Amino acid sequence: MTEFHVNIVRLTDVTKHPNADSLYIAKIHGGYPVIFRGKEHGGRFQEGDLAVYVPVDSMLPATKEFAWLSPPVSVELPGGGTEMVAPPVLREQDRRVRAKRLRGVFSMGLLCPPPEAAVEGQDVAELLGITKYEPPEEAISASRTNGFQVPAPRLAIVPGAYDIEGLRRYTDAFEPGEAYVCTEKIHGQNARFVHDGEKLHVGSRTRWLTTEERNTWSDVATRYGLAAKLAKRPKVVFFGETYGNNSDMPYGVERGKTGDELRFFDAFCSETGRWYDHDELLATCEELGLDVVPELCRGVWGEGEFAKLLPLAEGNTTLAAGKGHVREGFVIRPLKERNMRGGDYVGGRLILKLHGEGYLTRKGA
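In numbering that gives the first Met the number 0, the protein residues as written are 0 to 364.
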């Protein structure tokens with residue numbers, strides 16, 4: 000259900016930065032803090048202005064319009080010596096928008112002046128040439144699996160790429176009194192598996208892959224005996240995460256010795272188009288001998304619940320072998336499966352994610 004947006008927003012929820020007289024903090028879409036310099040201190044914005052909100056993990060074009068984001072570079076002068084000057088265009092290594100801490104306060108994304116005649120709510124990603132960043136491991140996986148790609152399995156309904164929206168954007172998506180569950184978000188590679196009644200099919204987030212030759216997904220399917228296990232629930236697509244494949248977040252997995260580990264987090268019945276409720280997923284995985292992602296908490300949505308849940312995204316992973324590094328964050332969903340309702344929602348299921356500040360600002364992020 001996720002879509003990439005670069006929207007025109009109005010700065011209406013602005014507070015003073017506690018540690019810098021010239022800086023302010025705007026809350027975008029209700030939950031994304033963005034730090035900017037005030038107009039009275041030489042900045043571009045003040046409360047009430049329209050601005051382009053460029054979210055974390057956007058890729059900016061290498062143009063002069065964004066050159067101000069690259070630090071000055073040293074150039075040699077004709078008569079000798081050097082001078083620090085602004086680069087003519089945004090450098091390639093500075094194109095990705097990252098989360099940062101500025102004077103001790105967390106900031107997600109940046110603000111840019113809106114194009115002429117732009118209106119509040121407009122998506123200007125294409126107009127400004129801004130695209131979504133794709134992690135290197137996904138790009139590498141795609142290049143390595145091209146030769147192994149096969150057509151989608153023959154099912155009544157085949158779900159598309161597994162993506163979910165951020166809780167910070169939809170802090171009012173849950174109904175008061177609605178029961179929810181939060182599970183740890185694992186940093187690895189998305190995987191999906193389904194037995195069609197005759198054979199097992201494996202897939203990455205965007206591709207279905209052959210099981211006849213070795214790849215990450217076929218290897219983990221063999222290691223965990225998924226063909227025999229999922230044959231007991233034919234035509235149900237099981238979604239999981241393979242992990243141990245990221246050098247800065249290995250979760251204690253010695254990949255060279257054991258291969259990737261695997262945890263499941265979702266299931267979809269292709270015959271009916273129905274996603275499993277959370278407890279139904281747990282019961283099914285227990286019956287089939289499938290490991291699931293760690294459950295962090297359960298609760299009932301109430302006033303101020305978003306703020307209460309923010310600390311849950313921080314700290315170390317709860318996977319026992321990997322407690323030496325930070326967790327990625329958490330995924331929240333209602334105990335009873337349903338779609339999102341009302342507002343400006345993209346649509347689709349109510350299942351949201353929240354990345355931790357520690358994860359977004361870690362070395363190598």
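Every residue gets a Cβ at the ideal spot worked out from N, C-alpha and C, and that includes glycine.
Every value quoted in this text rests on a predicted model; they were computed, and no experiment measured them.
Is residue 347 near residue 326, with beta carbons less than 8 Å apart? Between residue 347 and residue 326, the C-beta gap is not smaller than 8 Å, which leaves the two residues out of contact.
Going by the DSSP bridge assignment, what does residue 70 pair with across the sheet? Answer is none; residue 70 lacks a bridge partner.
Three-state class that DSSP yields for residue 106 in the structure shown: Collapsing the DSSP output to three states places residue 106 in a strand.
Candidates 333, 238, 15: which alpha carbon is nearest residue 160's? If we check each option's Cα against that of residue 160, 238 comes out closest.
Considering only the alpha carbon of each residue, which of 26, 83, 95 lies closest to residue 61? For residue 61, the closest alpha carbon among the candidates 26, 83, 95 is that of 95.
Under the three-state reduction of DSSP, which class applies to residue 124: helix, strand or coil? Three-state DSSP puts residue 124 in a helix.
Applying the 10 Å Cβ sphere with the 16-neighbour rule, what's the burial state of residue 138? Only weak support exists for where residue 138 lies, its pLDDT of 47 falling under 50; the value from the coordinates is given anyway. Burial call: exposed.
Ignoring anything shorter than 4 residues, give me the alpha helix (DSSP H) runs that lie fully in the stretch 130 to 209, in order along the chain. Listed in chain order, the complete alpha helix (DSSP H) runs (minimum 4 residues) inside the stretch 130 to 209 are 135 to 144.
Look at the Cβ atom of residue 5, then the Cβ atom of residue 55, and state whether they are nearer than 8 Å. At a Cβ-Cβ threshold of 8 Å, residue 5 and residue 55 do not count as neighbours.
Length of the line joining the Cα atoms of residue 289 and residue 262: If you take the alpha carbons of residue 289 and residue 262, they lie about 7 Å apart.
Can residue 182 and residue 105 be called in contact, C-beta distance under 8 Å? With contacts defined by Cβ atoms closer than 8 Å, residue 182 and residue 105 do not form a contacting pair.
Pick out whichever of 217, 259, 197, 251 has its Cα sitting closest to the Cα of residue 231. The residue with the shortest Cα to Cα distance from residue 231 is 197.
For residue 66 and residue 115, the rounded distance between their alpha carbons: Between residue 115 and residue 66, the C-alpha separation is close to 20 Å.
Thinking C-alpha only, which one of 219, 331, 303 is nearest residue 312? Considering only alpha carbons, the answer is 331.
Distance, Cα to Cα, residue 50 vs residue 111? Each residue's alpha carbon lies about 6 Å from the other.
DSSP three-state call for residue 118: helix, strand or coil? The three-state reading of DSSP puts residue 118 in coil, since its state is none of H, G, I, E or B.
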